[in-house]
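Structure first, commentary second.
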Amino acid sequence: SSVAAAVDPADPETVQAVLKEEGVMLEAILCTHKHWDHSGGNKGLKRLHGSCRVYGNAADNIPGLTHPLSHKDSVVVGRMNFKALFTPGHTVGHMIYLLDGPAVGAPSSLFSGDLVFLSGCGRMFEGSSTTMLSSLDTVSSLSDDTLLWPGHEYAEDNLLFATKVEPHNASRENKYQLVAQQRGQKLCTSPSTIGEEKQYNPFLRSHSAELHQALGIQQFQDEDWTQFRARVLEELRKRKDVYNRRE
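Under the UniProt record's numbering, the first residue of the sequence shown carries the number 1, and numbering increases by one thereafter.
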């Protein structure tokens with residue numbers, strides 16, 4: 001195909017260089033949310049590619065937005081078909097994009113912005129833990145073989161935090177060994193898969209009895225299961241924020 005889509009093109013010069021190298025035209029920008037490190041290149045690329053469409057959710061103040069999206073809307077770019085999924089929590093209008101892989105002879109791919117990272121999740125700047133839990137459950141519901149492409153390279157640090165909350169998780173230990181090797185060679189750790197993440201990402205494991213025990217959290221007698229899981233998620237987020245401030 002002679003057309004391309006860019007997800008969260010914060011660095012327009014780099015994107016433009018890749019477009020030139022590949023000999024393709026930028027037809028669409030898929031923006032997960034409004035933060036500058038995801039949307040900062042929208043207007044600059046739009047000036048270079050006047051017909052380029054900018055997609056995102058209208059609840060976020062996304063620069064250059066031309067095509068507002070709602071939950072489960074489709075975006076077609078050449079032979080690529082993306083499904084937009086509304087996943088608030090990090091911001092009020094956060095969206096993620098699921099590429100239909102089989103349609104282009106590849107695995108399905110999830111571009112998750114700041115919702116979920118390899119072994120981590122984004123901060124809940126504009127949503128409750130219940131809202132964030134619902135968004136993370138959207139991710140967990142996807143096929144296990146879906147490739148995960150997060151918005152940041154936080155894998156090594158996230159896995160070290162996961163060690164603190166689930167020290168006996170063998171899947172996490174195996175993944176950490178691989179990631180440490182990759183980062184030692186200055187390689188990107190993406191993608192992982194949804195199936196992998198459900199094994200070691202604590203933010204996708206709020207249902208896990210092993211995690212509850214490790215955190216020292218028990219469900220109250222009359223507590224709704226979803227509310228309990230949201231409380232687990234909130235505790236995890238608090239501990240991760242403290243961990244981030246360590247010296």
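Backbone N, C-alpha and C define an ideal beta-carbon position, used for all residues, glycine too.
Can you round the beta-carbon distance between residue i and residue j to whole angstroms, since I take them to be within the 8 Å contact cut?
| i | j | result |
| --- | --- | --- |
| asparagine 57 | leucine 69 | 6 Å |
| leucine 236 | valine 165 | 7 Å |
Measure from the alpha carbon of residue i to the alpha carbon of each residue in the options, then state which is nearest.
| i | options | result |
| --- | --- | --- |
| leucine 136 | Asp60, Pro9, Asn201 and Gln16 | Asn201 |
| asparagine 42 | Ala6, Ser74 and Val24 | Ala6 |
| glutamate 126 | Thr14, His207, Asp60 and Leu65 | Asp60 |
| alanine 10 | Lys20, Leu45, Ala4 and Pro191 | Leu45 |
| arginine 231 | Leu211, Tyr243 and Asn244 | Leu211 |
| glutamine 199 | Ser140, Gly184, Ala103 and Gly89 | Ser140 |
| lysine 175 | Val242, Val165, Thr189 and Ile29 | Thr189 |
| aspartate 73 | Pro191, His168, Leu98 and Leu147 | Leu98 |
| proline 63 | Gly78, Gly89, His33 and Ser171 | His33 |
| valine 3 | Cys52, Ser108, Asp241 and Val242 | Cys52 |
| lysine 240 | Gly120, Val179 and Leu133 | Gly120 |
| glycine 78 | Met25, Thr193, Leu118 and Asp114 | Met25 |
Quick check on residue i: does DSSP put it in helix, strand or coil?
| i | result |
| --- | --- |
| alanine 59 | coil |
| phenylalanine 125 | coil |
| valine 24 | coil |
| leucine 19 | helix |
| serine 74 | strand |
| proline 167 | coil |
| proline 68 | strand |
| arginine 205 | coil |
| valine 232 | helix |
In the DSSP assignment, what are the bridge partners of residue i?
| i | result |
| --- | --- |
| tryptophan 149 | Phe111 |
| arginine 237 | Arginine 237 pairs with nothing; no bridge assigned. |
| leucine 30 | Val7 and Tyr55 |
| serine 192 | Leu148 |
Exercise for review: List in chain order: all unbroken beta strand (DSSP E) runs of 3+ residues lying wholly within the segment 78-130.
Suggested key: 80-86, 95-99 and 109-111
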